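Read through the structure below, which is laid out as structure tokens, and then see the notes.
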Amino acid sequence: GGYKIVEGIVKMDQEDGDVTEQNVVVVEHTSTATSSSSTSAVLLDFSSMFGKPLKTRKNTKKKTRAKSEDCVPVQTAVESYSVVEDDEEEEDEQETEEMLDIIPTLCDDSDMIDYSVAVPRNLSVTREDMARRKHLDLVRWYCISRPQYKKSCGISSLTSCWNYLYSTLGHGHLPPISQEEVMTMLGFKPPFQDIRFGPFTGNQTLVRWFGLINKRFGVNGSAGVFWKLHGPNRTVGASADVALDKLKQGLRDTKTAFIYHCFNHYFCPIGYDEMPISQVDTYQTELSNHDTETWIAIGEPSRAHPPIHFKRWTDIVKDIDCQNPSYFNIRHTERGVMQRQSAVFTTGKKLGGNLHCLLYFSSAGDDLTHGSHDDSPMAAFEPLEDEEERSDNMTSTHEGTADMQVDVHTQSQSAE
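-18 is the number of the first residue of the sequence shown in my numbering; add one for each residue after it.
Structure, rendered in structure tokens:
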């Protein structure tokens, strides 16, 4: 005699008319005789070894019958299944207990682990502690002029900063102004979507426009380049770490606003997040700059992008530190540092330069770049005023900008 293993599926009728399919393996003991009467069967269930759940379907036609005469009766299958299942559950429980006992040994150098450090407990962190590391100024976000017109990111960002500093929407006492009001104030006329602002909007253009708006409403303020590494009007005496500290200080100051000039775009920083590098430091109250990675929150006026970006400070530094023909698009960091192919950037005066920078706008009334307030965010920055940003194309074809063009030309503004 010998043994024969038969694998199959037993289908069991339920009282509600459903049919349940059960994976089974039948081990048959056979004698030398060929008669089926000398065959005895033992049912073993290995269904628990498979990850797939048992199938259940509605029996709408007729009762499902065994496919083979070798299949055992349904009742026998149920009884055998229950016994085997109990045995397997006991084995599973035993294996689980054994696994829990050996888990500590699976870690490398487990004897060397300091659990008081690896598993922080009894945390004392407060909401005020986290607020020192995470700062998102909702008032700045409320003031973001969104959506902008095509190519109006400069004026839209300037409107956002002015409303934050001087209007009741921000921290001022004047009624809020719209980007359309600012455009008409500067000499533009509708339809605004047809105006190509890009060729004549530069860093110093925004600084001058800020002064014109202030003059129109009779308020005092100052503006200038906050941090710039290459090209005209670059700042000196400030490393990336110093600039970051001053930027965070300025973002907590209700009398200071910022505009970030990046690749073909202007938008407004509105907060920051100092993320711990180590996971166990998530709720630590005291961390140094070397223990954190800073992300800058930036309000976006363009409808083509999310309302708020969070960008690594190291990526912003990479952008501002690039030199033509190299450039870095902060809104598409996945593309990495890219190269301009135009001869305008590979030769001549623009080679090695970069217009990208951070601009500041203040309602304090003094030129803070010259250190008039030692505790101001901009006190450590000294722009090189003997250099000017110049544009190769300063002419606007819009009929409503004649007066504005005179101001722009006299200041030799930049445009990208």
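Think of the CB as a built atom: it goes at the ideal place given N, C-alpha and C, for glycine as much as any other residue.
For clarity, every value in this text was computed on a predicted model and none was experimentally measured.
Nearest C-alpha to CYS124 among SER105, ASN214, GLN160, ASN245: GLN160.
In the displayed model, ARG121 falls within a helix according to three-state DSSP. Shown here, THR275 sits in a strand according to DSSP, grouped into three states. Under the three-state reduction of DSSP, ASP254 is assigned to strand. Taking a C-beta distance under 7 Å as the contact criterion, PHE342 and CYS134 do not qualify as a contact pair. For PHE181, the closest of HIS116, ARG197, LYS132, GLY192 by C-alpha to C-alpha distance is LYS132.
Between LEU117 and GLU74, the alpha-carbon positions lie close to 50 Å from each other. According to DSSP, residue pairing for HIS290 in a beta bridge involves ILE279. Rounded to the nearest angstrom, the Cβ distance from CYS338 to VAL188 is 11 Å, too far for a contact under 8 Å. Nearest neighbour of HIS152 by Cα position, chosen from ARG121, PRO172, CYS303, turns out to be ARG121. When the five nearest sequence neighbours on each side are left out, the beta carbons in the same chain lying within less than 7 Å of the beta carbon of LYS292 are those of TRP276, ILE277, ILE279, ILE311, in order along the chain. Less than 7 Å divides the Cβ of LEU146 from the Cβ of SER344. If you draw a 10 Å sphere on the C-beta of ASN270, you find fewer than 16 other C-beta atoms in it, and that means exposed. Exclusion of the five residues before and after LEU225 leaves THR275, TRP294 as the residues of its chain whose Cβ lies within less than 7 Å of its Cβ.
Bounds of the alpha helix (DSSP H) holding GLY192 are 184 to 198. When C-alpha distances from GLY333 are compared across PRO213, LYS236, ALA238, the shortest belongs to PRO213. Taking a contact to require three or more Cβ pairs closer than 8 Å, the region 315 to 323 and the region 162 to 176 do not qualify as touching. The DSSP-derived three-state label of LYS209 is coil. Here TYR308 is bridged, per DSSP, to MET319.
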